[in-house]
Amino acid sequence: MSLTIAGQDLASPLFLGTGGLPHLSLLEPVLEAAGPGLVTVSVRRTSAVQPGGLLDAIARAGVPVLPNTAGCMSAREAVLTARLAREALGTSWVKLEVIGDETSLMPDAVELLEAAEILVADGFVVLPYTTDDPVLARRLEDVGCAAVMPLGAPIGSGLGVLNPHAIEAVVASVSVPVVLDAGVGTASDAAYAMELGCSAVLAATAVTRADDPVAMARALRLGVDAGLIARGAGRIPRRATARASSPTAGMIR
Amino acid sequence: MRIILNGAPVEGAPTVADLVEHHLGRREPAGVAVALNDAVVPRGEWGTQPLRDGDVVEVVTAVQGG
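Just so you know, the sequences run in chain order X and B. Residue numbers for the first sequence follow the working numbering, so the first one is 1 and each next one is one higher. Residue numbers for the second sequence follow the working numbering, so the first one is 1001 and each next one is one higher.
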């Protein structure tokens, strides 16, 4: 099951973050189990440690890499980080994160929109991490973002989709793909996001900090697919009262 | 000449390429990008981009991240 963002076909509606894995050696089996459409990395100052291993593992899996601007707290920082990522990794795609504080890790809407506008004008394919606010999502689409990525719950919380009505409102308010980002804790959260109309789900710590990351990667892959199929199947309306499924005629009285 | 490399003062080098080689042990390491005073220096210009006293240089690479 594929989807298209900015004209590029992606192999799966499950995107995977790589942060939090206890060992880099787990990355390849996790990527194999998840079969993700994109895989995110961060950009940081080099230390004496040689760069390498991470990108080699992703390249061997054949998954397109999506650099993020995680940790940036201003448009200026995020724009420079995105430009460095483009130079280092050879991709103009960026998961744009501009957070407002280090406790909530909530997006800073003002800085986010400014950074998105600058990066789109600079030729980037911008996928912004945003709040579950349909108005901000539309503003991000208006400045040219290729998708919007509302949070289901705070980063790393594993609380799932806390406000499903808001996610549905975001889906209804934009025509670009909606990627649920942040909050996923387990497979049912991913399935639920897809049932709500999201086009994809990005999960990081749900997999990387699970007791068995490889098994959770496979579970999320199946969850996303199940949710997408269920969305297409058309769920029954919710009712406040019971409605028998067995015939009411011919009962033995 | 003193410059700021990744937030710390260090002895400078004639060009960006020389600095990268001294810092990372290789002249053209894969997956690395350089910013000089908040502007990206394309890899093809590392060898000709001179450094000056007080320059602020960032050398970055990809790491695991959500």
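Cβ atoms here follow ideal geometry from the backbone N, Cα and C, with glycine treated the same way.
Through-space distance from residue j to residue i, alpha-carbon basis
| i | j | result |
| --- | --- | --- |
| residue 1028 (chain B) | residue 1065 (chain B) | 24 Å |
| residue 1037 (chain B) | residue 87 (chain X) | 16 Å |
| residue 1054 (chain B) | residue 1019 (chain B) | 14 Å |
| residue 189 (chain X) | residue 161 (chain X) | 7 Å |
| residue 1022 (chain B) | residue 71 (chain X) | 28 Å |
| residue 234 (chain X) | residue 207 (chain X) | 29 Å |
| residue 99 (chain X) | residue 1031 (chain B) | 25 Å |
| residue 1052 (chain B) | residue 227 (chain X) | 57 Å |
| residue 257 (chain X) | residue 239 (chain X) | As shown, chain X starts at 1 and ends at 253. That puts residue 257 (chain X) outside it, with no answer to give. |
| residue 19 (chain X) | residue 209 (chain X) | 9 Å |
| residue 201 (chain X) | residue 220 (chain X) | 9 Å |
| residue 120 (chain X) | residue 153 (chain X) | 27 Å |
| residue 176 (chain X) | residue 90 (chain X) | 24 Å |
| residue 180 (chain X) | residue 151 (chain X) | 6 Å |
| residue 141 (chain X) | residue 158 (chain X) | 27 Å |
| residue 22 (chain X) | residue 16 (chain X) | 15 Å |
| residue 57 (chain X) | residue 203 (chain X) | 18 Å |
| residue 1041 (chain B) | residue 85 (chain X) | 12 Å |
| residue 146 (chain X) | residue 1010 (chain B) | 41 Å |
| residue 6 (chain X) | residue 103 (chain X) | 33 Å |
| residue 122 (chain X) | residue 39 (chain X) | 23 Å |
| residue 136 (chain X) | residue 1061 (chain B) | 31 Å |
| residue 1044 (chain B) | residue 183 (chain X) | 41 Å |
| residue 1046 (chain B) | residue 1012 (chain B) | 14 Å |
| residue 97 (chain X) | residue 198 (chain X) | 19 Å |
| residue 34 (chain X) | residue 163 (chain X) | 26 Å |
| residue 79 (chain X) | residue 241 (chain X) | 53 Å |
| residue 3 (chain X) | residue 12 (chain X) | 7 Å |
| residue 187 (chain X) | residue 134 (chain X) | 25 Å |
| residue 46 (chain X) | residue 1006 (chain B) | 8 Å |
| residue 230 (chain X) | residue 1058 (chain B) | 47 Å |
| residue 250 (chain X) | residue 244 (chain X) | 14 Å |
| residue 74 (chain X) | residue 236 (chain X) | 45 Å |
| residue 148 (chain X) | residue 29 (chain X) | 29 Å |
| residue 63 (chain X) | residue 94 (chain X) | 15 Å |
| residue 10 (chain X) | residue 31 (chain X) | 14 Å |
| residue 132 (chain X) | residue 110 (chain X) | 15 Å |
8 Å Cβ cutoff, residue i in contact with chain X
| i | result |
| --- | --- |
| residue 1042 (chain B) | yes |
| residue 1063 (chain B) | yes |
| residue 1024 (chain B) | yes |
| residue 1059 (chain B) | yes |
| residue 1012 (chain B) | no |
Residues bridged to residue i (per DSSP)
| i | result |
| --- | --- |
| residue 254 (chain X) | The structure shown does not extend to residue 254 (chain X), since chain X is modelled only from 1 through 253, so no value can be given for it. |
| residue 1011 (chain B) | B:1002 |
| residue 248 (chain X) | The partner list for residue 248 (chain X) (beta bridge, DSSP) is empty, contrary to what the question assumes. |
| residue 125 (chain X) | X:93 |
| residue 211 (chain X) | In DSSP, residue 211 (chain X) forms no bridge with anything. |
| residue 43 (chain X) | B:1062 |
| residue 4 (chain X) | X:9 |
Within-8 Å CB hit, residue i to chain B
| i | result |
| --- | --- |
| residue 221 (chain X) | no |
| residue 237 (chain X) | no |
| residue 130 (chain X) | no |
| residue 268 (chain X) | The structure shown has nothing for residue 268 (chain X), since chain X only spans 1 to 253. |
| residue 177 (chain X) | no |
| residue 68 (chain X) | yes |
| residue 162 (chain X) | no |
| residue 41 (chain X) | yes |
| residue 87 (chain X) | yes |
| residue 83 (chain X) | yes |
| residue 80 (chain X) | yes |
| residue 55 (chain X) | yes |
Checklist entry - Whole beta strand (DSSP E) runs in the stretch 58-89 of chain X with 3 or more residues, listed along the chain? => result Within the stretch 58-89 of chain X, the complete beta strand (DSSP E) runs of at least 3 residues are 65-67.
Checklist entry - Just by C-beta distance, which residues in the stretch 1027-1055 of chain B are closer than 9 Å to chain X? => result Legend: CB atoms of the stretch 1027-1055 of chain B lying less than 9 Å from CB atoms of chain X belong to residues 1029, 1030, 1031, 1032, 1033, 1034, 1035, 1038, 1039, 1040, 1041, 1042 and 1043.
Checklist entry - Which runs of the beta strand (DSSP E) spanning at least 3 residues fall entirely within the stretch 1006-1065 of chain B, listed in chain order? => result 1008-1011, 1032-1036, 1039-1041 and 1056-1064
Item to check | Residues within the stretch 185-206 of chain X neighbouring chain B, beta-carbon criterion of under 7 Å | outcome: 204 and 205
Next on the checklist: My parser needs the alpha helix (DSSP H) runs of 4 or more residues fully inside the stretch 98-182 of chain X; what are they?
Outcome noted: 109-121, 134-142 and 164-173
Next on the checklist: Please identify, using Cβ separations under 8 Å, the residues of the stretch 10-26 of chain X that lie next to chain B, in order along the chain.
Outcome noted: 17, 18, 19, 20, 21 and 24
Next on the checklist: Which residues of the stretch 135-156 of chain X have a Cβ closer than 9 Å to any Cβ of chain B? Give them in chain order.
Outcome noted: Identification of residues in the stretch 135-156 of chain X having a C-beta nearer than 9 Å to some C-beta of chain B yields 155 and 156, given in sequence order.
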